[in-house]
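With UniProt numbering applied, the sequence shown covers 1 to 575.
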Amino acid sequence: MILSRSFQSNKDFEGDPLSKEENKLAAFDPKDKQTAFQWLEKTLLQYKHDIRYTNSPRYLRLWLVYIFYLRQTEKSFVVLPILYGLIENKICDKLAILYEAIAYILYQQKKLKQVEKTLLLGLKRRAEPVKRLNRTLHFFKTTRLLDFPVHHYEWPKYTNRHDALKPRKPIQEQLDWLTIKLQHSIRSDVFRDCHKGTTTLSVEELRARHYRSCVVSSRTKTHARSVVQLPHTSGFVEQQIQTHLFQNRSYAICSQNSLNIIRQLQTWFPHQQQKKKASRQQDLKLIQLGKDQFHVIRKIGQGGMAQIYLIQHTVHLSSVYVLKVQQPAHPWEYYVLSQLQQRIDHTQATGFRLIRLNTFYRFTDASFLVMDHLQYGSLLDALNLYRPQRSDMPESVVILLIMKLLRQIHLLHYTLSVTHNDLKLDNVMVTLTEDELDVVLIDYGQSIDTRIIGGHHILCKASWPPACAESDFPLFNKAYYPAHADYWQIATMAHFMLYGTPMRARQDKHHRYHIQQTIRRYWHRHLWNDFFQSMLNPPLPSRDMLIPLLDQFQAVFDDLDLTDIKTFISMLCKK
């Protein structure tokens, strides 16, 4: 058992005076920041030349608490000179976290070349742990992204997590209290106090962690693979936003709630009247989002998680947008859309069609996502163009749409490192430019950023039920590869467009899935057999998996009679 610093004697402080100073800092009133940091500055200078703390993670941690406080003041311009001064004076210059902190600040200032130079400097000086610093550099060079646990060095977190000095009790009384505590809540204590194993730490860094009273029991070794639980926790989402997107101009934080706006929208567009025509155009329906004012034209959709409206900016009258309202706030889709745009810019994946994000307004109780409006509707709208005359679409049109969709998915998965995870007919939009038809994916609220979870070979497990128990991906509530859900859902969409009915699948004795419907004899049977076999029984995720299938679609398309496709485009234009 490890006793906390609260039980240390005064003699212990004589050999390690920094422990006493750490406890003094933790004892300051969090509201009295100025006094605390004046004292901290004096303490840091006092021990600057103490050889006991030349490369002490605890001493460096105090420096970083001080640095990240200065970043919030008018003295923020001195932060980098101070950190570089530590390196020049060989103070904690053998600790990797110093170079990672400098790199993070440079990354926030968008000085990407200096980020790489700083990490290389740390490697040149053999800063520990070297392996972690090497991985950080490799990840940055590969993704142009950089993560840093800045929350560990914020003043409120420091005071909350550090054990302050307490009146000492007899040791037996302390042990008795620990026994009772652990008997009642050992499980929660262990999970709350254990640090995740995803970060490499040196022995010295572990020693600099906050000591807590906990019991670590032995565990039988297992070879089970880790599984990422979906959806991501709110803390995980917040960390990604803070790290990558907090300073984006399109991210607007509104400190108040949105109750009045929500009530206005519900009054203007009651659920039972959403299919009726909107009221007279002269009745302006104005809402205020941050500094922007919009006119709400009509409600165009509603799902279990969001309401969709068509809106117009009151200043830029020529532009019409889509407003997606979600309660509670759902920033994950904003994160994914922003990351996709950044990755498209960096990888020059010009073939990928991304709906343009305008602004994300985040209130305390809801979020409002403003995006471009795509006028030709979704694949579900396209299918409905043929009804009631027929329930399905011409095969040639389906071949074109699925070929376009497979190309978008290939780019999304293996160039942009994202899987959609919620593909359905109303989440795929149709676009038409100069008679060229294409598709655009929307609604990334359940998508997976495979770059941050470790790649396409990491297993995931969703906690939500499938949209359709009979036809949707059967492994959602089991461990599955992220890309496999998208493949299955593409098959369900193709089936619906070809047959006009939901897909039903069966398993053979070899556990392979097959659709129950028979491929019609006048269709391209070889193409559709290969397609459904590939989508329902995909191999391990591979960048080349879709290439042969795309080549097949292209070869068939090149020989198609385009009459039905031209008719389809004409129907879209008249819509």
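We put the CB at the ideal spot given by N, CA and C, even for glycine.
Tell whether a beta-carbon distance below 8 Å holds between GLN326 and ALA366.
-> yes
So who's on the other strand from TYR361, going by DSSP bridges?
-> ALA252 and PHE368
Cβ-based burial, ALA555 [other Cβ within 10 Å; buried from 16] = exposed
Less than 8 Å separating the beta-carbons of ILE515 and HIS484?
-> no
Helix or strand or just coil, what does DSSP make of THR118?
-> helix
Between the CA atoms of GLU88 and residue 607 - distance to the nearest angstrom = Past the boundaries of the shown model lies residue 607; the chain is included only from 1 to 575, so the question cannot be answered.
In whole angstroms, what separates the C-alpha of LYS404 from that of PRO57?
-> 53 Å
Run through DSSP, which three-state label would SER378 get?
-> strand
Alpha helix (DSSP H) containing CYS573: first to last residue?
-> 563–574
So, ILE565 versus LEU400, is the Cβ gap smaller than 8 Å?
-> yes
Are TYR321 and HIS373 touching if we call contact CB-CB under 8 Å?
-> yes
May I ask you to check if the CB of LEU245 is nearer than 7 Å to at least one heavy atom of the ligand HEM?
-> With respect to the ligand HEM, the structure shown offers nothing to examine, as it has no ligands at all.
How long is the line joining the alpha carbons of LYS24 and SER250, rounded to whole angstroms?
-> 41 Å
Beta-carbon spacing of LYS478, GLN229 below 8 Å | no
Cβ contact check for the segment 76–94 and the segment 46–65: 3 or more pairs under 8 Å = yes
Residue environment, ARG219, which counts as buried when at least 16 other CB atoms sit within 10 Å | Model confidence at ARG219 stands at a pLDDT of 47, short of 50, so the residue's coordinates are unreliable; what they give is reported in the following sentence. Flag for ARG219 reads exposed.
When you compare only the Cα positions, how much space is there between LEU408 and PHE553?
-> At residue 408 the sequence reads Gln, which differs from the Leu that was named. Cα to Cα, GLN408 sits roughly 14 Å from PHE553.
Buried/exposed call for GLU395, threshold 16 Cβ in 10 Å | buried
VAL78, buried or exposed, once every other Cβ within 10 Å from all chains shown has been counted against 16 | exposed
Segments assigned alpha helix (DSSP H), at least 4 residues, entirely inside the segment 402–430 | none
Could you check what DSSP says for ILE300 in three-state terms: helix, strand or coil?
-> strand
Using the Cα positions of GLN239 and PRO388, report the straight-line distance between them to the nearest angstrom.
-> 49 Å
Can you tell me where the beta strand (DSSP E) with TYR321 in it begins and where it stops?
-> 320–326
Cβ neighbours of ILE402 in the same chain (closer than 6 Å, five flanking residues each side left out) | ALA494
Who are the near neighbours of ASP449 in its chain, counting only those whose CB is closer than 6 Å to its CB and skipping five residues on each side?
-> VAL418
Tell me where the alpha helix (DSSP H) around VAL237 begins and ends.
-> 234–240
For LYS574, the nearest candidate out of LEU432, LEU549 and TYR444 (CA to CA) = LEU432
Cutoff 7 Å; reference PHE269; Cβ partners in own chain excluding five residues on either side | LYS299
LYS113, buried or exposed, once every other Cβ within 10 Å from all chains shown has been counted against 16 = exposed
Looking only at DSSP bridge pairs, what is TYR480 linked to?
-> CYS460
Exposed unless 16 or more other CB atoms sit within 10 angstroms - verdict on ARG390 | exposed
Apart from the five residues just before and just after SER319, which ones in its own chain have a Cβ nearer than 8 Å to its Cβ?
-> GLN312 and HIS313
Spatially closest choice to VAL430 from VAL398, LEU146 and TYR480, by CA coordinates = VAL398
Among GLU434, VAL440 and HIS413, nearest to LYS424 - alpha-carbon criterion = VAL440
7 Å Cβ shell around PRO541 - same chain, five flanking residues per side excluded = HIS456, HIS457, TYR481 and ALA483
Beta strand (DSSP E) segment containing GLN348, residue limits | It is not in any beta strand (DSSP E) - GLN348 carries neither H nor E in the DSSP assignment.
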